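First the structure, in the form of structure tokens, and then the observations on it.
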Amino acid sequence: MSESSASHSSATDTTVDVLIVGGGFSGLCMGIKLLEAGMKSFLIIEKSEDIGGTWWDNRYPGCACDIPSHLYSFSFAPSTEWTRMYPGQQEIHNYLKRCVEHYGLVPYLRLGTRFREAIWNESEGVWIATVGDGMHIRARVLVSGMGALHVPRYPELKGLKRFKGPAFHSSTWDHSVDLTGKNLAVVGTGASAIQFVPQIAPRAGKLYLFQRTPPWIVPRLDFPFSEKWKRRFRSLPITRWALRQFIFWRQEIRVLGFLGNETFRKKVESIALRHLARAIKDPEMRAALTPNYQLGCKRVLVSDDYYPTLNRSNVELVTESIAEVREHSIVTLDGAERPVDVLVYGTGFRATEPLIGCQIVGRGGVEIHDAWKERMSAFLGITVSGFPNLFVLLGPNTGLGHNSVVLMIEAQVRYAMKCLKLMNRRRQCVMEVRPEAQGRFVEEIYRRMKGTVWQSGGCHSWYQDQKTGELTAIWPSSVVAYLRRTRSVSASDYLLSS
Ligand SMILES: Cc1cc2nc3c(=O)[nH]c(=O)nc-3n(C[C@H](O)[C@H](O)[C@H](O)COP(=O)(O)OP(=O)(O)OC[C@H]3O[C@@H](n4cnc5c(N)ncnc54)[C@H](O)[C@@H]3O)c2cc1C
264 MSESSASHSS ATDTTVDVLI VGGGFSGLCM GIKLLEAGMK SFLIIEKSED IGGTWWDNRY
324 PGCACDIPSH LYSFSFAPST EWTRMYPGQQ EIHNYLKRCV EHYGLVPYLR LGTRFREAIW
384 NESEGVWIAT VGDGMHIRAR VLVSGMGALH VPRYPELKGL KRFKGPAFHS STWDHSVDLT
444 GKNLAVVGTG ASAIQFVPQI APRAGKLYLF QRTPPWIVPR LDFPFSEKWK RRFRSLPITR
504 WALRQFIFWR QEIRVLGFLG NETFRKKVES IALRHLARAI KDPEMRAALT PNYQLGCKRV
564 LVSDDYYPTL NRSNVELVTE SIAEVREHSI VTLDGAERPV DVLVYGTGFR ATEPLIGCQI
624 VGRGGVEIHD AWKERMSAFL GITVSGFPNL FVLLGPNTGL GHNSVVLMIE AQVRYAMKCL
684 KLMNRRRQCV MEVRPEAQGR FVEEIYRRMK GTVWQSGGCH SWYQDQKTGE LTAIWPSSVV
744 AYLRRTRSVS ASDYLLSS
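Whatever position you read off the sequence shown (first residue = 1), add 263 for the working numbering.
Structure, rendered in structure tokens:
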């Protein structure tokens, strides 16, 4: 960390204007925009040993984005070098590393540093954060870029702890385990599983795929960019821009089906069903892979190799529920026992449990998990009443099922920067959203949610709070609507003080 980025009040204490937690797309975006605004007193703390967040954690075979990278990247840092429409984890991670270098973020990064707690000091108007092994960081502004799809969710299965072989989650893949010729059990058929199953199946002796609910899957239509195309992107930036626009609107229009336009939804459902029928000829298996809920209720997946993989003779799709896990096998409710050497969880993340493993104590000593006991909420998904100068990136109700969340992150960072500028202009140091504004926003979410596929599509999804069933993860509208909503900061929504 450079001396210019922070001042030290003691050997263990540091003071900065802005403390950013998380070195993924969100935290890095915030850092870049602070630097661009000439605000150099900030730190980004990241508990992992490298930046990248999702794109550092998830190194499973076949890990890739499912929104083309010409859109799934920062609008202000376009790359002409994407090798294909849906690049893999390594390429996206390299892209983020290039951004860190290009924008000069290295001196502001503290890797291997876990954020544990932040307490709002009322009299001084600062956050006092405890990080790592007990170091304190004093910051006027706290930005959470801690990610929603970050902490693995493990299935609750009887006997799981008895299993004697290697067992790991897709996001903590154990590459030291040789899968060749082994009996593999994969639990879950979500976005990660449909990427790694086609990669590992050819190596497996036998692969048992345990499915609870089949996902809707549409064709991926991935292809590499030739050198000729890359040259074109370099010499004619408008071509790159046009492609980004094309992808944006192609994705954006999909939201119509999710918001209640039945004709549109049915059209995409028929594309998905044709995709399934083309690959799976066995009627029984096709029936098992046909979703019984509306498209979009759970994340729609893209894949061209998942269905064909299920036709392999060494792959068995198991739809019977798991009764118990034993030392070297899995038993299903029908009594069948399958031998298993390696167990892989493709069971996703604890997406609706915010800020796992840390505490944020706001005004009056209220901890954020208590404030969110009934329902996790934030004004525009960004600011929280009772928690002054706190900005949450990809906070409640700002996830997407149809488009790139980097668009949402950028909108939120723009909004947070406008808040900081508003404070500067008005010579105020503290800004807190009024509870009425936050309440109105929650009402708006309920209103927008009515009639959407997330509310009435007939599924149970990770967009829903596992305890209350409330839809707290998804933004129930278009990206365009969110961009409009966050375009400007209305001072009347906030209490400003010095
Ligand atoms: C396999 C996979 C594929 C995906 N593909 C897409 C896609 O194609 N399109 C799309 O729009 N979205 C996709 N997503 C969603 C993806 O999470 C977001 O697009 C984006 O990466 C979120 O960035 P983030 O910085 O907000 O969070 P993250 O990338 O999760 O980063 C959060 C960071 O915060 C750090 N952190 C958390 N807690 C602490 C703490 N207490 N102290 C210090 N550091 C902490 C974490 O270590 C992590 O580095 C995908 C997600 C996964 C898992």
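All C-beta atoms in this analysis are idealised placements derived from N, C-alpha and C, irrespective of residue type, glycine included. Since the structure is predicted, the reported quantities are computational estimates derived from the model, not experimental observations.
Across which residues does DSSP place residue i in a beta bridge pair?
i, result
"residue 401", "278, 391"
"residue 432", "608"
"residue 630", "624"
"residue 462", "Residue 462 pairs with nothing; no bridge assigned."
"residue 448", "471, 606"
"residue 481", "565"
"residue 490", "None; residue 490 has no bridge partner."
"residue 581", "473"
"residue 647", "650"
"residue 601", "593"
"residue 407", "284, 655"
"residue 733", "Answer is none; residue 733 lacks a bridge partner."
"residue 587", "594"
"residue 374", "309"
Does the Cβ-Cβ distance between residue i and residue j come in under 8 Å?
i, j, result
"residue 326", "residue 458", "yes"
"residue 647", "residue 292", "no"
"residue 680", "residue 303", "no"
"residue 722", "residue 560", "yes"
"residue 307", "residue 294", "yes"
"residue 358", "residue 336", "yes"
"residue 588", "residue 423", "yes"
"residue 644", "residue 736", "no"
"residue 653", "residue 282", "no"
"residue 630", "residue 619", "no"
"residue 444", "residue 468", "yes"
"residue 717", "residue 709", "no"
"residue 346", "residue 482", "no"
"residue 311", "residue 319", "yes"
"residue 615", "residue 729", "yes"
"residue 284", "residue 378", "yes"
"residue 689", "residue 759", "yes"
"residue 403", "residue 280", "yes"
"residue 594", "residue 429", "no"
"residue 502", "residue 496", "yes"
"residue 353", "residue 321", "no"
"residue 480", "residue 566", "yes"
"residue 521", "residue 664", "yes"
"residue 668", "residue 515", "no"
"residue 607", "residue 433", "yes"
In three-state DSSP terms, what is residue i?
i, result
"residue 357", "helix"
"residue 622", "strand"
"residue 267", "Because the pLDDT at residue 267 is just 40, under 50, the model does not fix this residue reliably, and the point stays unresolved."
"residue 472", "strand"
"residue 686", "helix"
"residue 760", "strand"
"residue 272", "Because residue 272 sits at a pLDDT of 46, beneath the cut-off of 50, its placement in the model cannot be relied upon, and the point is left open."
"residue 419", "coil"
"residue 385", "coil"
"residue 454", "coil"
"residue 744", "helix"
"residue 595", "strand"
"residue 719", "helix"
"residue 514", "helix"
"residue 727", "strand"
"residue 380", "strand"
"residue 641", "coil"
"residue 440", "coil"
"residue 248", "Given that the chain is displayed from residue 264 to residue 761, the structure contains no residue 248 and the question cannot be resolved."
"residue 751", "coil"
"residue 551", "helix"
"residue 424", "helix"
Throw me the rounded Cβ distance for the residue i and residue j pair, which I believe falls under 8 Å.
i, j, result
"residue 298", "residue 367", "6 Å"
"residue 542", "residue 571", "5 Å"
"residue 649", "residue 626", "5 Å"
"residue 671", "residue 757", "That belief does not hold up - the Cβ atoms of residue 671 and residue 757 are roughly 21 Å apart, past 8 Å."
"residue 454", "residue 613", "Wrong, their Cβ atoms sit about 15 Å apart, outside the cutoff."
"residue 316", "residue 410", "5 Å"
"residue 472", "residue 460", "6 Å"
"residue 603", "residue 592", "6 Å"
"residue 610", "residue 417", "6 Å"
Please tell me whether residue i has its Cβ less than 8 Å away from any Cβ of chain C.
i, result
"residue 426", "You won't find chain C in this structure, because it holds only one protein chain."
Return the chain-ordered ranges of every alpha helix (DSSP H) run that is complete within the region 662 to 709 and spans a minimum of 4 residues.
668 to 688
Can you list the alpha helix (DSSP H) stretches of 4 or more residues lying completely in the region 324 to 372, in chain order?
352 to 365
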